[in-house]
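Here's the structure we're looking at; comments come further down.
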Amino acid sequence: MSTLDKRWPYWALALLAVGVLAASQIVLPSLVANHIEQAFHDGYPGAEFIQVQVAAWPALKIITGRFDRLHLDARLFSQGGLEVDAFLVDAKELKINPAALREGVLEIDRVGDLQATVLIREEALNEYLWAKVDPARFMRIELARDQARLVGEMNLFQRTFDLSLDGRFEVLGRTRVGFVVEQLTVEKLQVPKVLLDTVQSKWNLAMDFSELPVPVALQEVRLEEDSLYVFGTKWDGS
């Protein structure tokens with residue numbers, strides 16, 4: 105038997121290992137991404153769009169739930185009674201519970217870095233306002249760049265007064281965003297600031313984001329025309 109013949113089983117095993125590695129690198133990421141997408145749809149059946157991309161090298165470590173990177177793009181779904189226009193997550197060096205994922209639940213055990221963006225449209229904010237605070241729909245929210253305002257009418261002594269509450273949205277704790285009143289104007293006349301606490305208790309608009317599909321610690325709110333952006337990072341569990 106020649107030396108080449110003796111080495112053939114080792115070459116065959118090496119080629120087989122390379123083939124398995126290459127196949128897993130192609131198949132496993134898309135297979136698991138599809139499974140995560142399905143888990144999302146199961147949890148948020150009304151979502152209009154969900155796309156997940158995962159990366160791992162070698163891909164075989166995905167079997168144990170370890171990933172180098174995960175990107176999530178979810179659109180138009182409801183959480184906590186609020187319609188989310190977009191939820192974007194970019195996570196690195198993460199560990200997902202494979203047993204939970206097999207049950208249709210995305211459970212992140214550990215993550216090295218995570219950046220998330222939540223987009224809420226002005227129309228969705230108004231629907232939330234009317235459902236939670238103002239069922240009579242006396243007021244509405246108007247958003248502009250770095251500006252938030254509640255505008256509407258108030259009936260008093262058989263007369264209708266124009267009402268405007270200028271304020272800002274800010275992070276309250278790590279899972280909530282609320283509207284903070286800074287100025288109240290009635291018929292173009294500013295109301296003394298001493299009365300703002302009473303007004304704030306009446307229009308206590310707060311949104312809870314604890315039901316997002318990926319746990320996020322909220323950090324910053326940014327306002328643009330007709331849009332509210334919330335930015336967050338990884339949840340450390342404390």
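If you're matching positions, the sequence shown starts at 105 in this note's numbering and goes up one per residue. All residues carry an ideal CB built from backbone N, CA and C; glycine is no exception.
Beta-carbon spacing of residue i, residue j below 8 Å
i: ALA204; j: GLU211; result: yes
i: LEU327; j: GLN219; result: no
i: GLY169; j: ASN201; result: yes
i: LEU247; j: LEU269; result: no
i: VAL281; j: VAL237; result: no
i: VAL275; j: VAL215; result: no
i: VAL290; j: LEU309; result: no
i: SER331; j: ARG225; result: yes
i: GLU141; j: ARG179; result: no
i: LEU192; j: ILE166; result: no
i: PHE171; j: PRO317; result: no
i: VAL188; j: VAL222; result: yes
i: LYS199; j: ASP213; result: yes
i: PHE265; j: PHE273; result: no
Coil, strand or helix - residue i by DSSP
i: ASP172; result: strand
i: LEU108; result: Any reading at LEU108 must be qualified, since the residue scores a pLDDT of 45, below 50, and its modelled position is unreliable; the value itself is stated next. Looking at LEU108 - three-state DSSP - the assignment turns out to be helix.
i: SER331; result: strand
i: GLU286; result: strand
i: GLY336; result: strand
i: GLU324; result: strand
i: LEU192; result: strand
i: GLU315; result: coil
i: LEU135; result: helix
i: GLY147; result: helix
i: ALA163; result: helix
i: GLU197; result: strand
i: GLU211; result: coil
Residue i - containing alpha helix (DSSP H), residue span
i: LEU229; result: 226–236
i: ALA204; result: 202–206
Segment limits, beta strand (DSSP E) that includes residue i
i: ALA310; result: 310–312
i: ARG249; result: Element bounds for ARG249: n/a, residue is neither H nor E.
i: GLY271; result: 263–276
i: VAL158; result: 153–159
From the options, residue whose alpha carbon lies closest to that of residue i
i: LYS338; options: ASP312, ARG278, LEU132; result: ARG278
i: ALA195; options: MET243, ALA160, LYS306; result: ALA160
i: ALA163; options: ARG179, LEU135, PRO149; result: LEU135
i: MET258; options: ILE140, GLY271, PHE242, PHE273; result: PHE242
i: GLY256; options: PHE313, GLU315, THR221, TRP307; result: TRP307
i: ARG249; options: GLU329, ALA143, GLY147, THR221; result: GLU329
i: ARG206; options: VAL320, GLU315, ASP146, MET311; result: ASP146
i: GLN323; options: GLY150, GLY336, PHE313, GLU227; result: GLY336
i: MET311; options: ALA190, ALA228, TYR148; result: ALA228
Open item on the list: Tell me whether the stretch 169–186 and the stretch 147–161 touch, counting them as touching only if at least three CB pairs, one residue from each stretch, are closer than 8 Å.
Closed with: yes
Task: Inter-stretch contact at 8 Å, needing at least 3 Cβ pairs: the stretch 183–196 / the stretch 227–236 - done: Segments in contact, yes.
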